[in-house]
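Novice: In UniProt numbering, the protein residues as written are 1 to 336.
If you scroll down you'll find the structure; I have some questions about it.
Right under this line is the structure:
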């Protein structure tokens, strides 16, 4: 039976078993069908599985396709994309000698590569440095599509029912103005962002799936999940938050959600809760702590200088290899 190499990468952490696990399948030697990829994804049963292929569009280094366990193909730039590029760098599959390079200081080199995803070719950055132990360390920065704001949620009691909280638990602590929950998007991925009053409330929340789906459909049928968060003390004055995420399409809580953390920075900015310095701002999100993990997502928001008022968002993170092996390819006669 034919098989393909796979690697399990913990994304947004440099420590195995602490990041958000992603299955990465090397599909370069196979012409996999959509059904085969869906079956493999369901077999891994992680939040996402990503396959990488030779590019089919000019200028791309690799073609990527990513799926959720219940069969949806996703295109947003989150841990499913960042983890693949960390693996490609760590496994020696990137040709750094041919990539545009910038010396950013402190022994860090930044290289530009291009990915083919959803019929488009877009750039991304891979940084390389020699760590204190002498080991080469990699990090990846991916620019998401410009974030957009959509419908706002005005019923805290209904949202509290989704999370098993009280209405008084919903809201941004310390803000003098009402900061309403809102659907935000980047590319085709929409999430409902909900501020809660404390870490205690964040941890106490238990998602009621049926009520979640009901609220998402009432507000915006495109909304995929709920991202709830609260501010925590950070280092060097960087705005820092603790967050959790649950979606209508996942069987369990997501340990880290880059597709929500990116537009979250734009949500903060649009509500006057994020100040720019030189046209930029940085946000740090800790996620997965309730699950025994510690994912760290860095987000860099940049205001466009074209007078549009729009912003650009990059998510930054690293990874750790946890496992590797071979997975048997499903028969073409096996249905999903």
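The beta-carbon is built from N, C-alpha and C at its ideal position, and this holds for glycine as well.
All values reported here derive from a predicted model rather than from experimental measurement.
#1: Looking only at C-alpha atoms, which of 64, 24 and 32 sits nearest to residue 333?
#2: Quick check: what's the CA-CA separation for residue 196 versus residue 180?
#3: Might you give, ordered along the chain, the residues of its own chain that have their beta carbon closer than 7 Å to the beta carbon of residue 103, omitting 5 neighbours on each side?
#4: Alpha carbon to alpha carbon, how far is residue 11 from residue 256? Give it in angstroms, no decimals.
#5: Could you tell me the alpha carbon to alpha carbon distance between residue 112 and residue 160, rounded to whole angstroms?
#6: Would you please state the rounded distance, in angstroms, between the beta carbons of residue 319 and residue 9? I believe it to be under 8 Å.
#7: Got a sec: is the Cβ-Cβ distance from residue 246 to anything in chain C below 8 Å?
#8: One question on the structure: do residue 142 and residue 314 come within less than 8 Å of each other, judged by their Cβ atoms?
#9: If you draw a straight line from the C-alpha of residue 237 to the C-alpha of residue 2, how long is it?
#10: Tell me, please, whether the stretch 36–48 touches the stretch 84–91 by the rule of three or more beta-carbon pairs shorter than 8 Å.
#11: If I follow the unbroken alpha helix (DSSP H) through residue 15, where does it start and stop?
#12: Near residue 42, which residues of its chain fall below 6 Å by C-beta distance, leaving aside the five closest residues on each side in sequence?
#13: State the DSSP-derived secondary structure class of residue 85, mapped to helix, strand or coil.
#14: How should residue 152 be labelled, buried or exposed, when 16 other C-beta atoms within 10 angstroms of its C-beta is the threshold for buried?
#15: Who are residue 321's beta bridge partners in DSSP?
#16: Within 10 angstroms of the Cβ of residue 130, are there 16 or more other Cβ atoms? Answer buried if so, exposed if not.
#17: Nearest-angstrom Cα distance between residue 250 and residue 223?
#18: Output the distance between the C-alpha atoms of residue 322 and residue 231, rounded to the nearest integer angstrom.
#19: According to DSSP, simplified to helix, strand and coil, what is residue 220?
#20: So, at 6 Å on beta carbons, what are the nonlocal neighbours of residue 248 in its own chain, with the 5 sequence-adjacent residues on each side left out?
#21: Which ranges does the beta strand (DSSP E) cover as unbroken runs of at least 3 residues, wholly within the stretch 25–58, from first to last along the chain?
#22: Could you check the C-alpha separation between residue 28 and residue 276 for me, to the nearest Å?
#23: Please name the residue in 5, 229, 164 and 235 whose C-alpha comes closest to that of residue 199.
#24: So, at 6 Å on beta carbons, what are the nonlocal neighbours of residue 293 in its own chain, with the 5 sequence-adjacent residues on each side left out?
#25: How far does the beta strand (DSSP E) with residue 149 in it extend, from its first residue to its last?
#26: For the stretch 117–183, which segments carrying the alpha helix (DSSP H) assignment without a break, of at least 4 residues, lie completely within its bounds, in sequence order?
#27: Nearest CA to the CA of residue 296: which residue from 241, 324 and 156?
#28: How about residue 77 and residue 326: are their beta carbons less than 8 Å apart?
#29: For residue 75, collect the residues of the same chain with a Cβ closer than 8 Å to its Cβ; drop the 5 residues on either side in sequence, then sort them by chain order.
#30: From the DSSP output, in three-state form, read off residue 195 for me.
#31: Helix, strand or coil for residue 255, going by three-state DSSP, please let me know.
#32: Return the chain-ordered list of same chain residues with a C-beta closer than 8 Å to the C-beta of residue 279, the five sequence neighbours on each side being excluded.
Specialist: In short:
#1: For the purposes of this step, residue 333 is taken as the residue at position 333 of the chain shown. Per the Cα distances, 32.
#2: Against the chain shown, residue 196 aligns to sequence position 196. Against the chain shown, residue 180 aligns to sequence position 180. Cα to Cα, the separation comes out at about 11 Å.
#3: Position 103 of the chain shown, counted from the start, is the residue given in the question as residue 103. Result list for residue 103: 109, in chain order.
#4: By 1-based counting over the chain shown, the position of residue 256 is 256. By 1-based counting over the chain shown, the position of residue 11 is 11. Straight-line Cα distance between these residues: approximately 8 Å.
#5: Position 112 of the chain shown, counting from 1, holds the residue named residue 112. Position 160 of the chain shown, counting from 1, holds the residue named residue 160. So the two alpha carbons sit approximately 43 Å from each other.
#6: As a first step, residue 319 must be located in the chain shown, where it is residue number 319. As a first step, residue 9 must be located in the chain shown, where it is residue number 9. The Cβ separation is near 5 Å, so the contact holds.
#7: In summary, chain C is missing from the structure at hand, where a single protein chain is found.
#8: The residue given as residue 142 occupies position 142 in the chain shown. The residue given as residue 314 occupies position 314 in the chain shown. A distance below 8 Å separates the beta carbons of residue 142 and residue 314.
#9: Counted from its first residue, the chain shown places residue 237 at position 237. Counted from its first residue, the chain shown places residue 2 at position 2. Rounded to the nearest angstrom, the two C-alpha atoms are 53 Å apart.
#10: No: fewer than three Cβ pairs fall under 8 Å.
#11: One-based indexing of the chain shown puts residue 15 at position 15. Where residue 15 is concerned, there is no enclosing alpha helix (DSSP H), given that its DSSP letter is neither H nor E.
#12: As a first step, residue 42 is located in the chain shown; it is residue number 42 there, counting from the start. Around residue 42: 69.
#13: Walking along the chain shown from the start, residue 85 turns up at place 85. Residue 85 falls in the helix class under three-state DSSP.
#14: Taking the chain shown and counting its residues from 1, one reaches residue 152 at position 152. Exposed.
#15: Taking the first residue of the chain shown as position 1, residue 321 is located at position 321. Paired residues: 9.
#16: Along the chain shown, read from residue 1 onward, the residue named residue 130 stands at position 130. Counting Cβ neighbours within 10 Å, residue 130 comes out exposed, since fewer than 16 surround it.
#17: Taking the chain shown and counting its residues from 1, the one referred to as residue 250 is at position 250. Taking the chain shown and counting its residues from 1, the one referred to as residue 223 is at position 223. Each residue's alpha carbon lies about 13 Å from the other.
#18: Taking the first residue of the chain shown as 1, we reach residue 322 at position 322. Taking the first residue of the chain shown as 1, we reach residue 231 at position 231. Their backbone Cα atoms lie some 30 Å apart in a straight line.
#19: Residue numbering aside, residue 220 sits at position 220 when the chain shown is read from its first letter. Residue state, collapsed to three classes: coil.
#20: As a working mapping, residue 248 is identified with position 248 in the chain shown. Non-local C-beta neighbours of residue 248 in its own chain, meaning closer than 6 Å and more than five positions away in sequence, comprise 213, ordered along the chain.
#21: Qualifying beta strand (DSSP E) stretches, in chain order: 49–53.
#22: Your numbering for residue 28 matches position 28 in the chain shown. Your numbering for residue 276 matches position 276 in the chain shown. Those two C-alpha atoms are separated by around 42 Å.
#23: Numbered from its first residue, the chain shown carries residue 199 at position 199. Minimum Cα distance to residue 199 is reached at 229.
#24: Taking the first residue of the chain shown as 1, we reach residue 293 at position 293. Excluding residues up to 5 positions away in sequence, 18 and 255 lie with their Cβ nearer than 6 Å to the Cβ of residue 293 in the same chain.
#25: As a first step, residue 149 must be located in the chain shown, where it is residue number 149. Counting along the chain, the beta strand (DSSP E) containing residue 149 begins and ends at 148–152.
#26: Counting whole runs of 4 or more residues, the stretch 117–183 contains the alpha helix (DSSP H) stretches 156–163.
#27: Taking the chain shown and counting its residues from 1, one reaches residue 296 at position 296. The option with the nearest alpha carbon to residue 296 is 241.
#28: The residue you call residue 77 lines up with position 77 of the chain shown. The residue you call residue 326 lines up with position 326 of the chain shown. No.
#29: Here residue 75 is taken as the residue at index 75 of the chain shown, counted from 1. Excluding sequence neighbours, residue 75 sits near 66, 117, 118, 187, 188 and 189.
#30: Along the chain shown, read from residue 1 onward, the residue named residue 195 stands at position 195. Three-state result, residue 195: strand.
#31: Looking up residue 255 in the chain shown gives position 255. In the three-state reduction of the DSSP assignment, residue 255 falls in the coil class.
#32: Mapped onto the chain shown, residue 279 falls at position 279. Closer than 8 Å at the Cβ level, and outside the excluded window around residue 279, lie 302, 303 and 305.
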